[in-house]
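Shown next as structure tokens:
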């Protein structure tokens, strides 16, 4: 039986799916007693709506009215989980929200976030974007039988909730021994907290809402949608607390910045800025550099919508080859409640993309996409374009070959499943059936981001992991043998 919320669009072809980020997190604090206090759940809803691309398996919001915390979460997209009547019951002046894609723990209701724990003084609701790499070590600090879910977030919540002295004191104790990627937004009845791992692998930003309100979100797009003004990024190794006294900040670990380079390639929305650099501008610049690195004689540059569009614009600009639309995307394939039959699976990509024959027939095409994971999607696209009459199909990729798995919050396949982990570029070209194939080089991608190489995590491209990961700490289902 399919889940009641339907199947993800990549489940149409389970043998090939785009990279999935761990989650989107959002938090809002407004002064208690103001007219806007009943609206924080709606602010969280819209914030999560803006961050939906970061996780589509489940969604949840927790709200505090100053005396108690109420949590509502379920499997599904934000718009499927919440409606007006539900949001109207979530009344208060603090809210945290989460949209999830699982990287540790199965996609089940128990693993949906926010996670909640009772404490000696009340409650704690926590949301997490990223992936911890010492989860078994952290879980060993808890009494047997304490865990009720199988995510790394559940372990972290339990540790913070069972320590003496409240969330701030607990965070000072637990976060310095927590390893991996974590951008956290959590709260008790009176205070909103946010923290970012010392490497700052996943993004997290702070915004001002009106005169006295505050917002924390995974991306600046989450601030924009609720009318919050960007203040700054939460720094690597920083812990902040927001309450009636304002914003208080402290450093719990020495910062060692290693922001995720793949955020610029694919994960973040194009209307987001990271480290002061527009994601859209970066992707267009990557396209320009890609055209200079891998020129080709062609008649038309087309993107794989939507992820390839900015780089295709840049490629066309730098090459002088006209930009056009050659593939039409079905905007409504987000989730389907109907199990695809084998016939539909064989059609594969046509559920999401269809070629414009009149635009591409007889043309030499440059097809720009953001990445190749297993190769099935590109193989299907090249085949569709040839069937529609394309004379030549030249594939250009706006990231280097993805040859290594990610352990910090992106659900990449294992190295054995990654096509670039096993084949050369020429072998990949032959596998997908393209006339030529060119990837942007790592140096040119880094130059496009305008961030120093030593301040970026590039592990999926070069295998250099900023935080070493033990073999027994790898895997999505680490805790499921111990939690029944």
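Residue numbers (the working numbering): 315 to 798. For each residue, glycine too, the CB sits at the ideal point set by N, CA and C. Please read all numbers here as calculations on a predicted model, not as lab measurements.
Report buried or exposed for residue i, applying the criterion of at least 16 other Cβ atoms within 10 angstroms of its Cβ.
i: residue 316; result: Because the pLDDT of residue 316 is 34, which lies under 50, any placement of that residue in the model is unreliable, and the question is left without a value.
i: residue 571; result: buried
i: residue 454; result: exposed
i: residue 343; result: buried
i: residue 685; result: buried
i: residue 531; result: buried
i: residue 683; result: buried
i: residue 621; result: buried
i: residue 410; result: buried
i: residue 703; result: exposed
i: residue 736; result: exposed
i: residue 693; result: buried
i: residue 550; result: buried
i: residue 356; result: buried
Looking at the unbroken alpha helix (DSSP H) that takes in residue i, where does it start and where does it end?
i: residue 581; result: That residue, residue 581, is in no alpha helix (DSSP H); it is neither H nor E in DSSP.
i: residue 458; result: Element bounds for residue 458: n/a, residue is neither H nor E.
i: residue 616; result: That residue, residue 616, is in no alpha helix (DSSP H); its beta strand (DSSP E) goes 614 to 617.
i: residue 378; result: Unbroken run through residue 378 is the beta strand (DSSP E), 372 to 378; no alpha helix (DSSP H).
i: residue 739; result: 739 to 746
i: residue 536; result: 534 to 538
i: residue 757; result: 756 to 763
i: residue 607; result: 593 to 607
i: residue 402; result: 398 to 403
i: residue 556; result: Here residue 556 belongs to no alpha helix (DSSP H); instead the beta strand (DSSP E) covers 552 to 557.
Counting only the same chain and skipping the five closest in sequence on each side, list residues whose C-beta sits under 8 Å from that of residue i.
i: residue 644; result: 665, 666, 667 and 668
i: residue 638; result: 614, 615, 616 and 673
i: residue 472; result: 431, 456, 460 and 461
i: residue 807; result: Given a span of 315 to 798 for the chain in the structure shown, any question on residue 807 remains unanswerable.
For a test of the three-state rule: what should DSSP assign to residue i, helix, strand or coil?
i: residue 775; result: helix
i: residue 516; result: coil
i: residue 674; result: helix
i: residue 362; result: helix
i: residue 663; result: helix
i: residue 415; result: coil
i: residue 425; result: helix
i: residue 768; result: helix
i: residue 497; result: strand
i: residue 529; result: strand
i: residue 620; result: coil
i: residue 628; result: helix
i: residue 451; result: helix
i: residue 749; result: coil
i: residue 780; result: coil
Which residues mark the beginning and the end of the beta strand (DSSP E) in which residue i is found?
i: residue 545; result: 543 to 547
i: residue 506; result: 506 to 510
i: residue 433; result: 429 to 433
i: residue 563; result: 560 to 565
i: residue 388; result: 383 to 389
i: residue 710; result: 706 to 711
i: residue 690; result: Run containing residue 690: none in the beta strand (DSSP E); it sits in the alpha helix (DSSP H), 690 to 701.
i: residue 732; result: Note, residue 732: premise wrong, no beta strand (DSSP E); not H, not E.
i: residue 492; result: Run containing residue 492: none; DSSP gives neither H nor E here.
So, for residue i: in the same chain, excluding its five sequence neighbours on each side, which residues have a beta-carbon less than 6 Å away from its beta-carbon?
i: residue 678; result: 612, 613, 705 and 706
i: residue 799; result: The displayed coordinates of the chain run from 315 to 798. Any statement about residue 799 would go beyond what the structure contains.
i: residue 804; result: Only positions 315 to 798 of the chain appear in the structure, and residue 804 is not among them; the question remains open.
i: residue 518; result: 497, 510 and 548
i: residue 388; result: 395
i: residue 769; result: 571
i: residue 623; result: 617
i: residue 516; result: 443, 444, 495, 497 and 723
i: residue 778; result: none
i: residue 748; result: 696, 707 and 709
Do residue i and residue j have their C-beta atoms closer together than 8 Å?
i: residue 499; j: residue 521; result: no
i: residue 732; j: residue 717; result: yes
i: residue 339; j: residue 563; result: no
i: residue 394; j: residue 412; result: no
i: residue 565; j: residue 763; result: no
i: residue 533; j: residue 586; result: yes
i: residue 337; j: residue 443; result: yes
i: residue 492; j: residue 553; result: no
i: residue 629; j: residue 670; result: no
i: residue 480; j: residue 542; result: no
i: residue 713; j: residue 610; result: no
i: residue 759; j: residue 709; result: no
i: residue 390; j: residue 373; result: yes
i: residue 734; j: residue 742; result: yes
Would you check whether the ligand MN has a heavy atom nearer than 7 Å to the C-beta of residue i?
i: residue 764; result: Absence of the ligand MN is noted for the structure shown, with no ligands found whatsoever.
Looking at the C-beta of residue i, does it have a partner C-beta in chain C at a distance below 8 Å?
i: residue 575; result: Within the model displayed, chain C is absent; a lone protein chain is all it includes.
Here's a check: name, in chain order, each residue in its chain whose Cβ is nearer than 7 Å to the Cβ of residue i, leaving out the five neighbours to either side.
i: residue 467; result: 427, 429, 440 and 442
i: residue 781; result: 447, 493, 494 and 513
i: residue 354; result: 342, 344, 377, 406, 407, 408 and 409
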